[in-house]
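Just so you know, the numbering used here puts 13 at position 6 of the sequence shown, and the rest follows in order with no gaps.
Working notes, beginning with the structure itself.
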Amino acid sequence: MRIGIAFIVVMGLAACGAARPLVRDASSREITAPSEGRARVVLAMPGAYRDVISVVDERGQYVGQLAQRTFTTLEVEPGTRRFYALVGASAYVVGGTVEAGRTYWVLAETAGFGRPLRWVAWAPTCAEDPTARLAAVRAVEPDPSADRTALDRALGNVPQRILEADRELETMPEAQRTERVLQPACVPGAETTTPSTAEPNPPQ
């Protein structure tokens, strides 16, 4: 019996180790306005989730990871951008045209333990404080000392996974496609243009 219990404990620790996110605590929790000529993107997983999400952009470049109750931010060049969540054998995409000086949010959500992941855009209104959703959420950033082999294993065949996510998006109902279009958080006095629902798709 003791041998059996010890085996279960060892296997459990190994599983936890395999799922360890390759991130570290960020130097600041503050979500600042983007630098001049740039846009800011906030990637967040406010709730509980069993797996670690690896995120790449439309070029297949790794931008970070999210575990449960974590968020990370990045600055990007304006233009058509896409962000892919890679988790297990699945891949999801959110995208659109981002404008300099604006902030965009992408949320990883689930309806409960064991339920599928939802990788969706969120545009906070001027009546909302978006940081309130991050009250109990840890700010993280990529760990430069992380094991590259472990990261490559988590990412898998990135071009193929991007292609699969784009194809799945094309088959979604319009309402679901709309949820995956980046729109800027409200800034009092700033005009917001609603982008086309087709923008997450890659250029032909």
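Glycine is no exception: its CB is placed at the ideal position from the N, C-alpha and C atoms.
Can you tell me which of the three DSSP states ILE38 falls into?
coil
Report yes if the CB atom of PHE78 is closer than 8 angstroms to the CB atom of VAL144, and no otherwise.
yes
So, do the stretch 45-62 and the stretch 168-176 have three or more beta carbon pairs nearer to each other than 8 angstroms?
no
Distance check for SER61 and ALA153, CA to CA, integer angstroms please.
13 angstroms
CA-CA distance, ARG187 and GLY103?
8 angstroms
Quick one: grab the DSSP three-state call for LEU149.
It is Pro, not Leu, that sits at residue 149 in the sequence shown. Looking at PRO149 - three-state DSSP - the assignment turns out to be strand.
Where the alpha helix (DSSP H) containing ARG155 begins and where it ends:
155-162
Which term fits GLY86, buried or exposed, when burial requires 16 or more other beta carbons within 10 angstroms of its beta carbon?
exposed
Would you identify the three-state DSSP class for ALA128, choosing helix, strand or coil?
strand
Through-space distance from ALA107 to GLU84, alpha-carbon basis
7 angstroms
THR80, buried or exposed, once every other Cβ within 10 Å from all chains shown has been counted against 16
buried
For ALA51, count neighbouring C-beta atoms within 10 Å of its own C-beta (all shown protein chains included) and say buried if the count is 16 or more, exposed if not.
buried
If you draw a straight line from the alpha carbon of VAL147 to that of LEU29, how long is it in whole angstroms?
10 angstroms
If you measure between the beta carbons of VAL127 and LEU114, is that distance less than 8 angstroms?
yes
Within 10 angstroms of the Cβ of PRO191, are there 16 or more other Cβ atoms? Answer buried if so, exposed if not.
buried
Taking 7 angstroms as the limit between beta carbons, can you name the residues of its chain near ARG27, skipping five residues before and five after?
none
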